[in-house]
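Data block below; observations after.
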Amino acid sequence: MRWRRALVALVLVTLAGAAGTALARSAGDPARQDPVRAVSAGLRCPACQGESVADSRSPIAAAMRQVVADQLAQGRDGTEIRRWFVQRYGADVLTDPPARGVRLLLWGVPVLALLAGGYAALRTLRPGAAGTGSAAPWTPDARRARRAWRVASVGVVALVASVAITADRLDPPARPAPADPVAVALQLAHDLETQDRYDAAAQMYQEALRDRPDDAVRLRLAFALLRAGDGAAAQRTARDVLAREPDSPDGLLVLGLAQRNSRPVEAGDTLRRFLAVAPAHPAAAEIRRLLATGREPAGP
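Right, here's the structure in full:
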């Protein structure tokens, strides 16, 4: 009976120590004191190698932190925010994506082993399990039961170890490739535009262009710059597109609108050329009204 009491005491002391350690770490963890950092630490920076959004200094990470802060201000919790990112960029945007494949055994087997071990311990080690009275533990049946318990314990440990080794070989815990930084930057830019934050959106388009020079992205950048009030930069970006595609309808549209304050005569010529190239463009009707009345359009 003494060894049972010692075993129970050891388990209780271990659990109490683990709980105390966890509480101490929680109290001293700066991430818990900073909710934006706590959520951002669970997101991977698409433009970095092995850095979380909380630690990265890249513009994409900064935009993602701002999204986290905005959503926390709207009353969403960390789980909802991480789910929002996963829906847009996939599970690999998480620093610790859900376990998949054979590695799931590393979670399932220990739990099953613990349940089975607890049940076996109750059946074989409780007083009177193999007989009745205080002499029951010394009966042949009790000794066989204890021997079987020891053998089973060793077997469970060996099983867990073999599963861990096999799972590590079949499905190594390599870090998944981060989400495509261009796709993340473009999605962030779109989200920022819906919030009328055009300066930040333009920065995200510029980040995307560094990795993927594409005229479609340049045009989105030009429109964002125009809406942010930077007409000169919008003109330069539009002219860059038109140098390769002189009849680009969106290039002519954003250039003409950007010229209205600095070069109104050229703006009219550019917008009339836009109408000649794309008379059925969704913005064509508004541009016709603009040219007829001289009023500023609502925007592209």
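Numbering follows the numbering used here, in which position 37 of the sequence shown is assigned residue number 489; successive positions increment by one, without gaps.
Backbone N, C-alpha and C define an ideal beta-carbon position, used for all residues, glycine too.
A quick note: this is a predicted structure, and the numbers were derived from the prediction, not measured.
For T531, the uninterrupted alpha helix (DSSP H) run begins and ends at G530 to Y541, by DSSP. The three-state secondary structure of R496, taken from DSSP, is strand. Going by C-alpha positions, L705 is about 44 Å away from A490. Short of 7 Å from the beta carbon of R725, and not among the five residues preceding or following it, lie these beta carbons of its own chain, in chain order: L704. With a cutoff of 8 Å on beta-carbon distance, D651 and R670 are scored as not near each other. Looking at the DSSP output, L546 shares a beta bridge with L495. The segment 519-538 makes no contact with the segment 660-679, as fewer than three CB pairs between them are under 8 Å. With fewer than 16 neighbouring CB atoms inside 10 Å of its own CB, S714 falls in the exposed class. CA-to-CA, the gap between D548 and Q518 works out to about 21 Å. When the beta-carbon positions are compared, A736 and L727 come within less than 8 Å of each other. Inclusion of A674 and A686 in the CB contact set at 8 Å is warranted, their separation being smaller than that value. Within its own chain, the residues whose Cβ lies closer than 8 Å to the Cβ of P701, once the five positions on either side in sequence are excluded, are F726, V729, A730 and H733, listed in chain order. Excluding five sequence positions before and after R679, the CB atoms of its chain that fall closer than 6 Å to its own CB belong to Y650, given in chain order. A Cβ-Cβ separation of about 11 Å leaves E659 out of contact with A653 under the 8 Å criterion. The alpha helix (DSSP H) runs lying completely inside the segment 712-740 and spanning 4 residues or more are 716-729, given in chain order.
Counted as a single uninterrupted DSSP element, the alpha helix (DSSP H) harbouring V520 occupies residues P511 to A525.
Excluding the 5 residues flanking it on each side, A690 has same chain C-beta neighbours closer than 7 Å at A674, G703, V706, L707 and A710, in chain order. Judged by DSSP secondary structure, A641 falls within the alpha helix (DSSP H) whose first and last residues are P633 to T646. Looking at the DSSP output, S504 shares a beta bridge with R496.
Take the alpha-carbon of L638 and the one of W536: they are about 16 Å apart. Contact annotation: V538 and V488 have beta-carbon atoms that are not nearer than 8 Å. The straight-line gap separating the alpha-carbon atoms of T722 and Y657 is approximately 24 Å. Residue nearest to A676 within the set D648, P698 and P511 is D648 (criterion: CA-CA distance). DSSP, reduced to helix, strand and coil, places P701 within a helical segment of the structure shown. Residue state for G708 is assigned as helix, using DSSP reduced to three classes. The DSSP assignment places complete alpha helix (DSSP H) segments of no fewer than 4 residues inside the segment 652-703 at 667-679 and 683-696, in order along the chain. I512 and A499 do touch by the CB rule: their CB atoms are close to 5 Å apart, below 8 Å. Residue environment for P716: exposed (fewer than 16 other C-beta atoms within 10 angstroms of its C-beta).
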